[in-house]
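Residue numbers (the numbering used here), protein chains in the order written: chain A, 416 to 861; chain B, 416 to 861. C-beta: ideal position from N, C-alpha, C; glycine also.
2 protein chains.
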Amino acid sequence: MMHAALLSVGDELLLGQNVDTNAAWLAARLAELSIMTVEQRTVGDDRRAIAEAIRELSSQRDVLVTTGGLGPTLDDLLREALGDVLTPSKELVTDQGALEHLEDWFAKRGRRMPMLNTRQAFRPSVMRCLPNANGTALGLAGRLGECQIFSLPGPPREMQPMFLEHVVPEIRRRPGELEEVILTASVQEFGMSESEAAQRLGPLMERDRNPTVGTTASDAIVTARLRSRGPKPIAQRQLDETVDAVERAWRPYSFGRSQSLGESVAKLLRQSRQKIVTAESCTGGWLGKVIVDQPGSSGYYLGGWITYSNQAKMERLRVPADLVERHGAVSAHVAKAMAQGALDASGADYGLAITGIAGPDGGTAEKPVGTVHIALARKGGGKSDSIARHFEFPGGRMEVRDRAVKAALQMLRFALLDVPTTTPLLWEKIEGARTQVARVHASPSP
Amino acid sequence: MMHAALLSVGDELLLGQNVDTNAAWLAARLAELSIMTVEQRTVGDDRRAIAEAIRELSSQRDVLVTTGGLGPTLDDLLREALGDVLTPSKELVTDQGALEHLEDWFAKRGRRMPMLNTRQAFRPSVMRCLPNANGTALGLAGRLGECQIFSLPGPPREMQPMFLEHVVPEIRRRPGELEEVILTASVQEFGMSESEAAQRLGPLMERDRNPTVGTTASDAIVTARLRSRGPKPIAQRQLDETVDAVERAWRPYSFGRSQSLGESVAKLLRQSRQKIVTAESCTGGWLGKVIVDQPGSSGYYLGGWITYSNQAKMERLRVPADLVERHGAVSAHVAKAMAQGALDASGADYGLAITGIAGPDGGTAEKPVGTVHIALARKGGGKSDSIARHFEFPGGRMEVRDRAVKAALQMLRFALLDVPTTTPLLWEKIEGARTQVARVHASPSP
């Protein structure tokens, strides 16, 4: 099994400015090539620290991929650091092809090349440049001992195509290595806590299994990460079997293999040929945004209303004033009226409405921050046919709204799949009972 | 100057499942304590790899902070790895306080403690537990040689308060170290490319300056990161002066020190006492969401319309059918009519509308994917008083919509600040001219 290391370069990563998504993406792509990423490091824009990291990470590794540090500005020092490691005491050379690429780039945009960008044509003499169709920074490729080194720009939309088109074909495989592969898959769920989700998996999570299964929770989505090793056909079969086992254990909360909640709902809506509209208060358009994130949403989404004030709810969605007076804007009654109003104004089949208190202000003892009512109305059904759930979401303004959007999508998914409406969702408040939580019903499958 | 290293633990980080935000946050907090983070590493859920990383990262460092690996499941191995390093061949002990915390946690939620969670009460005998008010995983604190080790859970909403309340007070400073501080600040801009933004900074970006200034671009926002070292009052003054210099050089595209575009616009709207409404097509609610992200937005946001079809535009915003027929839904005429329709239906002062082709489908030679028209209408002004800009944004569905939201906010910001409407924005298409780009007007200040 070949081993890789990843190096991310940039002060912004160590200062808290930027979050590094490149390492995660590269590790996933390398795994698809049966190359196991064993380490990832981040260093700042310090020439010596970068050079030291390059030396350390390339020793005893087959592949080192660096990202960042290839921009035009004076804090971009990766080229210099590579030169220090690969050609000590020698100057960087100017790559003619790189220079032409840079001149072309600016000419096409009707601009003169800024002086600073000339630095992007330099490279160590023993390395060659990798083309960049989406930016000015050329990549670099070379070798240190047994380790192949590839250096790519930081911005993902430049780095990713370069990796796929110019690095993957270059990675030299050791003979006999083609046999064993690493295959990965993930399954996600919303509505059970991580502990309960893990409990349902039972022995699937034992460390000496193949595939291994691990769980993480992030923004209320619990992900099972599966990793299978072995000869390809066997690894594939074992992976598929374990994915099925995880999905069975997590039914009905899990929404499919390697797909998001939004993608799952989009697929179901397309197949159902139903149309939906949205009515949002505290989420402010977040639910509509997530629906429209999916290409082809114009096939089922008729749009929405962001009714951020009581007046807007009453004027634009015909929510009766007396409902607002008696129960308050954040209530099951008003949520249902919003959903029904959106339905009536559009002719859609489903209306999905969210009203709540996102915080930090606005909470009371009776309706604390995190109180959210979500309603789903169905065309043809009367008021009794719409369902509303009452939640108390933890966290701050972003978390409450994020969980509300996810809960709304899960409610719609449940309706499209005919999941019983009594199926509880995490953080739901059921009238007259203690806080209901997702209970473990099924025994975990081995 | 004290030095720190950060270790992130978790297969999900190396498999591409999760993006690590903890390292960035911790590095920023440590910098505020004048502790320089010199390295960050990520390892998987592998007991031996974790132990090796702990040994290496703690040698020659003052502080090591680890995140992750403290969950209840069998792939959470950090406690075991710490034991291997700090108390080789000895078993982990059960911490009574931790056990009580766990039992309490589940009792409060009306649940029995799952068996798996017992693992979260184990620790190496030479470490002590750190309280966690927001989760089941206790943190750990100890020392290896001269290095203080702190281990915190992965989820940010648990990790961050624990770091602030239980790690910061514990970090032992070396005598005489109190003198020199590291102070950081950032300034962001939207509307100029990174090259042009850097060019305007000129000598501010030289490496031997204090503070240092570096730039990065991420999702079309260019950030200048400033880092100032020295005795506190001097470092503070130099930082403030350089922040001012950066803001002057980037006028009017930069929107304030250490604040986002959304926060900047929110502040201006509050001060202006004006009300706004939104009308969105391809962005699907994203603009409304970003506005409502800001607490207190109910003071100026009267809500919005997500008019995702031609019919919705005509029915709900009274966009004239002949405008749609003659110019198409994606046109300056329709954008202006959407903005005006939202104004008329609400009594707001400003109406902001976006219509475009996000892709991947829908593009033509005349109107390719990325074509977006954004209009800002003002109450009391006629059709001639509304402004519309025509953009061609690069990238895919998410990028086009993200840039459209940012451009809309910048247009609103320009209007609130009386910035001339001839001030170009990156990716704008001006009629009858080559693609206009943000030109360098001001000379960089030294």
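For A:Ala496 and B:Pro648, what's the separation of their Cα atoms in angstroms?
Whole-angstrom Cα-Cα distance: 34 angstroms.
Going by beta-carbon coordinates alone, are B:Leu717 and B:Ile691 separated by less than 8 angstroms?
Yes, Cβ-Cβ distance for B:Leu717 and B:Ile691 is below 8 angstroms.
C-alpha gap between A:Gly459 and B:Leu841, whole angstroms
Approximately 29 angstroms between the Cα atoms of the pair.
At a Cβ cut of 7 angstroms, what residues of the region 521-549 of chain B count as close to chain A, listed as they run along the chain?
The region 521-549 of chain B vs chain A, Cβ under 7 angstroms: Arg524, Gly525, Arg526, Pro529, Leu531, Asn532.
Quick check on B:Asp659: buried or exposed, where buried means 16 or more other Cβ atoms within 10 Å of its Cβ?
Residue environment analysis places B:Asp659 among the exposed positions, since fewer than 16 neighbouring C-beta atoms fall within 10 angstroms of its C-beta.
Quick one: is A:Met826 buried, meaning 16 or more other Cβ sit within 10 Å of its Cβ, or exposed?
Buried: at least 16 other Cβ atoms inside 10 Å.
Is the region 450-464 of chain A in contact with the region 419-426 of chain A, if contact means three or more CB pairs nearer than 8 angstroms?
Counting C-beta pairs with one atom in each stretch, the region 450-464 of chain A and the region 419-426 of chain A have three or more that are closer than 8 angstroms, which means they touch.
Going by beta carbon distance, what residues of the same chain come within less than 6 angstroms of B:Leu472, once the five residues before and after it are set aside?
Sequence-distant Cβ neighbours of B:Leu472 in its own chain, meaning closer than 6 angstroms and more than five residues away, are Ala420, Leu422, Leu479.
Local Cβ density within 10 Å of B:Ser504, reported as buried at 16 or more and exposed below that
Classification for B:Ser504: exposed.
Coil, strand or helix - B:Lys844 by DSSP:
DSSP, reduced to helix, strand and coil, places B:Lys844 outside both helices and strands of the structure shown, so it counts as coil.
Please confirm whether A:Asp491 and A:Cys544 have their CB atoms less than 8 angstroms apart.
No, the Cβ-Cβ distance between A:Asp491 and A:Cys544 is not below 8 angstroms.
Using 8 angstroms as the limit for Cβ to Cβ distance, is B:Ser713 near chain D?
The structure shown contains no chain D; its protein chains are A and B.
Put B:Gly525 into one of helix, strand or coil per three-state DSSP.
In the three-state DSSP reduction, B:Gly525 falls in the coil class, being neither helix nor strand.
Taking B:Met813 as the query, report the chain A residues whose CB atoms sit under 9 angstroms from its CB, ordered along the chain.
Chain A residues near B:Met813: Asp708.
On the premise that B:Met577 lies in contact with B:Asn547, defined as a C-beta separation below 8 angstroms, what is that separation, rounded to the nearest angstrom?
Yes, they are in contact, since the Cβ atoms of B:Asn547 and B:Met577 sit about 6 angstroms apart, within 8 angstroms.
As a quick exercise: from B:Gln689, B:Trp720, B:Gly795, pick the residue whose alpha carbon is nearest that of B:Arg828.
Among B:Gln689, B:Trp720, B:Gly795, the Cα nearest to that of B:Arg828 is on B:Gln689.
Name the chain B residues whose beta carbon is nearer than 9 angstroms to that of A:Ser687?
None at all; the shortest Cβ gap to chain B is about 18 angstroms.
Neighbourhood of B:Pro667 by C-beta distance below 6 angstroms, restricted to the same chain and skipping five residues each side
Counting only Cβ-Cβ distances below 6 angstroms, and skipping sequence neighbours, we find Val834.
Since B:Pro487 and B:Leu531 are thought to touch, with beta carbons under 8 angstroms apart, how far apart are those beta carbons, to the nearest angstrom?
Yes, they are in contact, since the Cβ atoms of B:Pro487 and B:Leu531 sit about 4 angstroms apart, within 8 angstroms.
Status (buried if at least 16 other CB within 10 Å, exposed otherwise) for B:Gly522:
Looking at the sequence itself, residue 522 of chain B is Ala, so the reference to Gly does not match. B:Ala522 sits exposed, since fewer than 16 C-beta atoms from the chains shown fall within 10 Å of its C-beta.
Within this structure, are the beta carbons of B:Lys728 and B:Leu758 separated by less than 8 angstroms?
A distance of 8 angstroms or more separates the beta carbons of B:Lys728 and B:Leu758.
Assigned exposure category for B:Ala612 - 16 Cβ within 10 Å defines buried
The residue in question, B:Ala612, is buried, as its Cβ has 16 or more Cβ neighbours within 10 Å.
Boundaries (first-last residue) of the alpha helix (DSSP H) holding B:Ile469:
That run of the alpha helix (DSSP H) goes 462-473.
Flag this pair as yes or no: are the beta carbons of B:Gly617 and A:Leu702 separated by less than 8 angstroms?
Not closer than 8 angstroms, so no.
Would you call A:Thr693 buried or exposed, if buried means 16 or more other Cβ atoms sit within 10 Å of its Cβ?
By the neighbour-count rule (16 or more Cβ atoms within 10 Å), A:Thr693 is buried.
Measuring only the C-alpha atoms, how far is B:Ser724 from B:Gln686?
Cα to Cα, the separation comes out at about 35 angstroms.
Look at the alpha carbon of B:Thr631 and the alpha carbon of B:Ala819, and state the distance between them as a whole number of angstroms.
Here the alpha carbon of B:Thr631 sits roughly 20 angstroms from the alpha carbon of B:Ala819.
Compare the C-alpha of A:Leu514 against each of A:Leu501, A:Ala681, A:Gly498, A:Ala536 and name the closest.
In this structure, A:Ala536 is the residue among A:Leu501, A:Ala681, A:Gly498, A:Ala536 with its C-alpha nearest to the C-alpha of A:Leu514.
Cβ separation of A:Leu831 and A:Leu683, assumed to be a contact under 8 angstroms, to the nearest whole Å
Yes, they are in contact, since the Cβ atoms of A:Leu831 and A:Leu683 sit about 4 angstroms apart, within 8 angstroms.
State the Cα-Cα distance for the pair B:His788 and B:Lys751, rounded to the nearest angstrom.
Between B:His788 and B:Lys751, the C-alpha separation is close to 9 angstroms.
CA nearest to the CA of A:Glu573, picked from A:Leu559, A:Ile564, A:Val453, A:Leu553:
Checking every option, the nearest Cα to that of A:Glu573 belongs to A:Leu553.
Kindly identify the DSSP beta-bridge partner or partners of B:Tyr765.
Beta-bridge pairing links B:Tyr765 to B:Ile691, B:Arg793.
For chain B, is any of its Cβ atoms less than 8 angstroms away from the one on A:Ala613?
For A:Ala613, the answer is yes, since a Cβ of chain B falls inside 8 angstroms of its Cβ.
Cβ neighbours of B:Gln709 in the same chain (closer than 7 angstroms, five flanking residues each side left out):
Around B:Gln709, the same chain offers Gly677, Glu678, Ala681 as residues with beta carbons nearer than 7 angstroms, after the five sequence neighbours per side are excluded.
Using three-state DSSP, classify B:Phe829 as helix, strand or coil.
B:Phe829 sits in a helix when the DSSP states are folded into three classes.
Distance between B:Val628 and B:Arg622 (C-alpha atoms, nearest Å)
Computed Cα separation, rounded: 8 angstroms.
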